[in-house]
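The structure appears below as structure tokens.
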Amino acid sequence: MADSVQERFAKLNTNLVLHNIRLYKFEASFDDEKINVSMEESKVYIDKNVYYQVVADNHVRVFQEFFFKVALQNNPEEVLIKISPSYILDFQVGGPMDDEIFKIFADSTVLVDSWPYFREIVQSTLLRMGLAPVVLPPINFNPFVNVDASAQSK
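If you use the working numbering, the sequence shown corresponds to residues 92 to 245, in order.
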């Protein structure tokens, strides 16, 4: 009988080690002509994308992309501020990685490890732009919700 998703995820977490996390790509910009829009007229949008590569037996490289933007509330396509960092996270894992397990891993372990880096880079970039910082929300996740959704593999 095949192991359940929870059992496979538990096996993956055996001997789990985050070897490193590095900034891979970074892009930031703001619209100098429209930046004086009031906070009531603007809205913060946050999105993410994640994919992985199996580098060797029990070694996985994860690419975590974040997308932060402030846009007009009545027109989300009218972007005022954009900050888009991408990180590489190298893990040693205790079992094989597949798309089903990766979806859970990405929504839990990877997000917990990368979110503080994202929060910090958004805060420091806004300050370097001479703009007011935005307080990002804490992580809210349940890794075993929607376990049937497949992750993107590259």
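Just so you know, even glycine gets a beta-carbon here, dropped at the ideal spot from N, CA and C.
Mapping DSSP to helix, strand and coil, what is residue i?
i	result
residue 176	strand
residue 112	strand
residue 225	coil
residue 239	In this prediction, residue 239 has a pLDDT of 37, which is less than 50 and means its spatial position is unreliable; what the coordinates show is noted afterwards. Coil, per DSSP.
residue 103	helix
residue 125	coil
residue 183	strand
residue 164	coil
residue 95	coil
residue 137	strand
If we ignore side chains and look at the alpha-carbon of each, how far apart do residue i and residue j end up?
i	j	result
residue 236	residue 159	Its pLDDT being 43, under 50, residue 236 is placed unreliably by the model, and nothing is read from it.
residue 142	residue 192	12 Å
residue 215	residue 138	19 Å
residue 106	residue 94	19 Å
residue 227	residue 146	32 Å
residue 224	residue 211	10 Å
If we count the other Cβ atoms within 10 Å of its Cβ and call it buried at 16 or more, is residue i buried or exposed?
i	result
residue 144	exposed
residue 201	buried
residue 98	exposed
residue 230	exposed
residue 213	buried
residue 217	buried
residue 148	exposed
Comparing alpha-carbon positions, which option in the options lies nearest residue i?
i	options	result
residue 69	222, 193, 115	Any question about residue 69 goes unanswered here, given that the chain covers just 92 to 245.
residue 179	101, 94, 113	113
residue 151	104, 123, 215	104
residue 153	136, 108, 169	108
residue 198	94, 100, 215	100
residue 127	148, 161, 228	161
residue 123	227, 169, 226	169
Less than 7 Å between the beta carbons of residue i and residue j, yes or no?
i	j	result
residue 181	residue 110	yes
residue 132	residue 164	yes
residue 118	residue 175	yes
residue 140	residue 156	yes
residue 172	residue 121	yes
residue 186	residue 134	no
residue 115	residue 177	yes
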